[in-house]
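Novice: Below is one structure. I have some questions about it.
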Ligand code: DQA
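Numbering (this note's numbering), first residue to last: 103 to 260.
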């Protein structure tokens, strides 16, 4: 894909459609549509088109990761509860090789023991966790930084 024309897929996992209603003391009161809107705006400023999707289905998320090979340069992924359980999502990220940044609203390392293990993090570029809704924007910036740094040098015209 041509420099400056990056496409980023944002994938929200299970129960994130409930943001705003769901345990606001943990996840805040910002709704998913507001996060998505902010990411599209941030993407425009960073020089990428952002498409946001949410699913409660592991199989659908895996399909989207596969599809990203064709249509996207990178993924910002909050696998939600699948972070801690899904070998299949991990294998999809590793198998496609699509550059992926894992994000979490909460600091999963400071919560229950079962949340401290991420099966997906080892095959991602990196993880941003604990900054609430801002984790997504930070993840997008990290991904764009990586993608721009990976672009081939363009030859200077005089
Ligand atoms: C989460 C953390 C997960 O442990 C949890 O299952 C979620 C949300 C987060 O963004 O903090 O659904 O991924």
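Positions of the beta carbon are idealized from the N, C-alpha and C atoms, including for glycine. Everything numeric in this text was worked out from a predicted model, so none of it was measured.
Between the alpha carbons of residue 183 and residue 140, how many angstroms are there, rounded?
Specialist: Looking up residue 183 in the chain shown gives position 81. Looking up residue 140 in the chain shown gives position 38. Near 23 angstroms, if we compare the C-alpha coordinates of residue 140 and residue 183.
Novice: Using 10 angstroms around the beta-carbon of residue 189, count the other beta-carbons present and answer buried if the total reaches 16, otherwise exposed.
Specialist: As a position in the chain shown, residue 189 is number 87, starting the count at 1. Answer is exposed; the Cβ neighbour count stays below 16.
Novice: Sorry if obvious, but does the Cβ on residue 182 come closer than 7 angstroms to a heavy atom of the ligand DQA?
Specialist: Here residue 182 corresponds to residue number 80 of the chain shown, with the count starting at 1. Yes, Cβ of residue 182 sits closer than 7 angstroms to a heavy atom of the ligand DQA.
Novice: Within a Cβ cutoff of 8 angstroms, which residues of the same chain sit near residue 260, ignoring the five residues on either side of it in sequence?
Specialist: On the chain shown, residue 260 is found 158 positions in, with the first residue counted as 1. Because residue 260 sits at a pLDDT of 44, beneath the cut-off of 50, its placement in the model cannot be relied upon, and the following sentence gives the value as read from the coordinates. So no residue of the chain qualifies.
Novice: Report yes or no: do the stretch 190-198 and the stretch 207-214 share at least 3 C-beta pairs separated by less than 8 angstroms?
Specialist: Short answer: they don't touch.
Novice: If residue 216 and residue 200 are in contact, beta carbons under 8 angstroms, what's the gap, nearest whole angstrom?
Specialist: As a working note, residue 216 is residue 114 in the chain shown. As a working note, residue 200 is residue 98 in the chain shown. Rounded, the Cβ-Cβ distance is 27 angstroms, inconsistent with contact.
Novice: What three-state label does DSSP hand residue 105 in the structure shown?
Specialist: Taking the chain shown and counting its residues from 1, the one referred to as residue 105 is at position 3. For residue 105, the predicted model reports a pLDDT of 48, less than 50, meaning its position is unreliable and no value from the coordinates is stated.
Novice: Could you tell me the distance, in whole angstroms, from the CA atom of residue 246 to the CA atom of residue 148?
Specialist: Indexing the chain shown from 1 puts residue 246 at position 144. Indexing the chain shown from 1 puts residue 148 at position 46. Cα-Cα distance, rounded: 7 angstroms.
Novice: Determine the burial state of residue 239: buried for a count of at least 16 other Cβ atoms within 10 Å of its Cβ, exposed for fewer.
Specialist: In the chain shown, counting from the first residue as 1, residue 239 sits at position 137. So residue 239 counts as buried.
Novice: Using 8 angstroms for Cβ pairs, my map puts residue 222 next to residue 185. What's the rounded Cβ distance?
Specialist: Looking up residue 222 in the chain shown gives position 120. Looking up residue 185 in the chain shown gives position 83. Confirmed, about 6 angstroms.
Novice: In the DSSP assignment, find the beta strand (DSSP E) that holds residue 155 and state where it starts and stops.
Specialist: Residue numbering aside, residue 155 sits at position 53 when the chain shown is read from its first letter. From DSSP, the beta strand (DSSP E) with residue 155 extends over 150-156.
Novice: From which residue to which residue does the beta strand (DSSP E) around residue 177 run?
Specialist: Here residue 177 refers to the residue found at position 75 of the chain shown. Where residue 177 is concerned, the enclosing beta strand (DSSP E) stretches over 176-180.
Novice: Which residues in the same chain have their Cβ closer than 7 angstroms to the Cβ of residue 178, if we skip the five residues on either side of it in sequence?
Specialist: In the chain shown, counting from the first residue as 1, residue 178 sits at position 76. Correct list, in chain order: 110, 112, 203, 205, 238, 241, 242, 245.
Novice: Between the Cα of residue 134 and the Cα atoms of 157, 162, 150, which residue gives the shortest distance?
Specialist: Position 32 of the chain shown, counted from the start, is the residue given in the question as residue 134. Residue 157 is the option with its Cα nearest to residue 134.
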